[in-house]
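Take 3 as the starting number for the sequence shown in this note's numbering and just add one per residue. All C-beta atoms, glycine included, are put in the ideal place defined by N, C-alpha and C.
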Amino acid sequence: MAGLACQEVGASLAVLLFPQVGPLGMVMLRLVFSAVILLLLARPRLRGHSRPQWTAVALFGLVLVMMNALFYLALERLPLGVTVTIEVLGPLVLSIVASRRASAWLWALLALAGVVALGGGGWDRLDPLGVLFALGAAASWAFYILASARVGRAFPKLDGLALAMAVGAVLSLPFGIADAGTALLRIDLVALGAAVAVLSSTIPYTFELIALRRLPAAVFAILMSLAPATAALAGFVFLGQHMTVLEVLGIGLVIAASMGAVRSSARAAQEAAEPLA
Numbered sequence: 003m004a005g006l007a008c009q010e011v012g013a014s015l016a017v018l019l020f021p022q023v024g025p026l027g028m029v030m031l032r033l034v035f036s037a038v039i040l041l042l043l044a045r046p047r048l049r050g051h052s053r054p055q056w057t058a059v060a061l062f063g064l065v066l067v068m069m070n071a072l073f074y075l076a077l078e079r080l081p082l083g084v085t086v087t088i089e090v091l092g093p094l095v096l097s098i099v100a101s102r103r104a105s106a107w108l109w110a111l112l113a114l115a116g117v118v119a120l121g122g123g124g125w126d127r128l129d130p131l132g133v134l135f136a137l138g139a140a141a142s143w144a145f146y147i148l149a150s151a152r153v154g155r156a157f158p159k160l161d162g163l164a165l166a167m168a169v170g171a172v173l174s175l176p177f178g179i180a181d182a183g184t185a186l187l188r189i190d191l192v193a194l195g196a197a198v199a200v201l202s203s204t205i206p207y208t209f210e211l212i213a214l215r216r217l218p219a220a221v222f223a224i225l226m227s228l229a230p231a232t233a234a235l236a237g238f239v240f241l242g243q244h245m246t247v248l249e250v251l252g253i254g255l256v257i258a259a260s261m262g263a264v265r266s267s268a269r270a271a272q273e274a275a276e277p278l279a
């Protein structure tokens with residue numbers, strides 16, 4: 003929960019910096035500082051890796067850029083709570099597909115009802131391009147989960163993540179420099195970008211690793227599904243983003259669908275692991 007709180011506070015701070023550095027400039031600052039911190043912590047070995055391993059790292063780095071860029075581009079046009087709720091649909095769909103249970107599609111319908119309610123009875127009130135960016139971020143998050151698992155199997159500890167973050171930082175440089183421009187010469191803005199990286203990446207990743215050592219994966223996933231509520235609260239407190247009753251209901255439905263899908267997926271995995279009598 004502390005990791006979620008830090009992540010959404012970091013997102014709120016990023017939104018406040020958009021007028022100065024732009025969303026893509028913010029992506030660059032976040033990835034560059036996250037890469038530097040992770041490389042210092044992990045000190046990954048560069049030699050002795052196969053071509054498939056480097057390919058996995060490169061694809062993971064590309065996914066990191068796409069996920070962060072689409073998320074921040076959506077944040078520029080949509081409230082934080084709405085953006086995170088739509089983004090959660092990516093891993094939610096992945097959980098539903100992975101469960102391979104017919105009942106899981108009931109959670110899909112519940113999530114769909116939540117998305118409809120999120121429009122507050124009129125999707126024209128939400129920026130269409132922002133919604134498309136958020137949906138792209140949702141798809142990227144699903145690919146992030148798959149790419150992260152692949153790199154995690156191929157590299158020890160945080161080595162793969164550190165290398166992928168470095169790849170993502172390099173890929174983001176031309177877009178970030180073009181978007182931020184001369185704002186990058188201001189030490190205060192660069193320092194705030196570093197703060198966003200620590201709040202949005204370093205602290206949450208560390209807390210998640212600690213939590214996963216003490217909690218069952220299914221419990222951890224259910225707690226992570228509370229991200230939309232945390233985001234809506236952060237948007238209200240730090241950005242003054244008020245939400246309608248229907249939007250709050252929509253967030254609640256998506257959270258319930260996420261919890262149900264995670265439990266269904268975990269149950270399916272447990273049944274598959276049990277030996278036949």
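Give me the Cα-Cα distance between residue i and residue j, rounded to the nearest whole angstrom.
{"i": "Pro21", "j": "Ala182", "result": "9 Å"}
{"i": "Leu1", "j": "Ile147", "result": "As displayed, the chain neither begins before 3 nor continues past 279, which places residue 1 out of reach and without an answer."}
{"i": "Val99", "j": "Ala110", "result": "10 Å"}
{"i": "Asn70", "j": "Phe222", "result": "22 Å"}
{"i": "Val153", "j": "Ile205", "result": "20 Å"}
{"i": "Leu241", "j": "Ser14", "result": "7 Å"}
{"i": "Pro277", "j": "Pro218", "result": "Note that Pro277 scores a pLDDT of 49, beneath 50, so its modelled location is shaky and nothing firm can be said."}
{"i": "Leu131", "j": "Leu137", "result": "10 Å"}
{"i": "Trp107", "j": "Ala196", "result": "41 Å"}
{"i": "Trp143", "j": "Gly92", "result": "6 Å"}
{"i": "Gly49", "j": "Leu40", "result": "Looking at the sequence provided, one finds Arg at residue 49 rather than Gly. Straight-line Cα distance between these residues: approximately 18 Å."}
{"i": "Arg79", "j": "Thr184", "result": "23 Å"}
{"i": "Thr1", "j": "Val250", "result": "Beyond the ends of the chain as shown, which are 3 and 279, falls residue 1; an answer cannot be given."}
{"i": "Leu187", "j": "Phe177", "result": "16 Å"}
{"i": "Gly254", "j": "Val84", "result": "11 Å"}
{"i": "Thr87", "j": "Leu42", "result": "33 Å"}
{"i": "Leu19", "j": "Ala229", "result": "22 Å"}
{"i": "Leu94", "j": "Leu214", "result": "19 Å"}
Under the rule that 16 or more other beta-carbon atoms within 10 Å means buried, what is residue i, buried or exposed?
{"i": "Met167", "result": "buried"}
{"i": "Pro46", "result": "buried"}
{"i": "Val239", "result": "exposed"}
{"i": "Ala4", "result": "exposed"}
{"i": "Ser260", "result": "buried"}
{"i": "Ala279", "result": "In this prediction, Ala279 scores a pLDDT of 45, lower than 50, which makes its location untrustworthy; the coordinate-derived value is nonetheless stated afterwards. Exposed, because fewer than 16 other Cβ atoms sit within 10 Å of the Cβ of Ala279."}
{"i": "Ala193", "result": "exposed"}
{"i": "Ser105", "result": "exposed"}
When you compare each of the options to residue i by their alpha carbons, which one comes out closest?
{"i": "Ser227", "options": "Val38, Leu137 and Ala113", "result": "Ala113"}
{"i": "Val17", "options": "Leu77, Ser266, Val250 and Leu48", "result": "Leu77"}
{"i": "Val118", "options": "Ala104, Ala106, Ser105 and Val133", "result": "Val133"}
{"i": "Gly170", "options": "Ala7, Ser36, Val90 and Gln9", "result": "Ser36"}
{"i": "Cys8", "options": "Phe135, Leu211 and Ala199", "result": "Ala199"}
{"i": "Lys159", "options": "Tyr207, Leu225 and Ala139", "result": "Tyr207"}
{"i": "Gly24", "options": "Ala58, Leu191 and Ala258", "result": "Leu191"}
Which residues in the same chain as residue i place their Cβ atom closer than 7 Å to its Cβ, once the five residues preceding and following it in sequence are excluded?
{"i": "Leu173", "result": "Gly63, Leu64 and Val67"}
{"i": "Leu61", "result": "Ala149"}
{"i": "Leu72", "result": "Phe135, Gly138, Ala139 and Ser142"}
Hey, is residue i's beta-carbon within less than 8 Å of any beta-carbon in chain C?
{"i": "Leu194", "result": "The question asks about chain C, but that chain is absent: this structure has only one protein chain."}
In three-state terms, what does DSSP make of residue i?
{"i": "Gly183", "result": "helix"}
{"i": "Thr246", "result": "coil"}
{"i": "Gly50", "result": "coil"}
{"i": "Ala13", "result": "helix"}
{"i": "Leu235", "result": "helix"}
{"i": "Ser203", "result": "helix"}
{"i": "Ser97", "result": "helix"}
Among residues of its own chain, excluding the 5 on either side of residue i, which ones have a beta-carbon nearer than 8 Å to its beta-carbon?
{"i": "Pro11", "result": "First, the residue type needs correcting, since residue 11 is Val and not Pro in the sequence shown. So the qualifying residues of the chain are Leu201, Ala236 and Phe240."}
{"i": "Arg155", "result": "none"}
So, for residue i: in the same chain, excluding its five sequence neighbours on each side, which residues have a beta-carbon less than 6 Å away from its beta-carbon?
{"i": "Pro81", "result": "Gly237 and Gln243"}
{"i": "Glu313", "result": "The requested residue 313 is not part of the displayed model; the chain covers only 3 to 279."}
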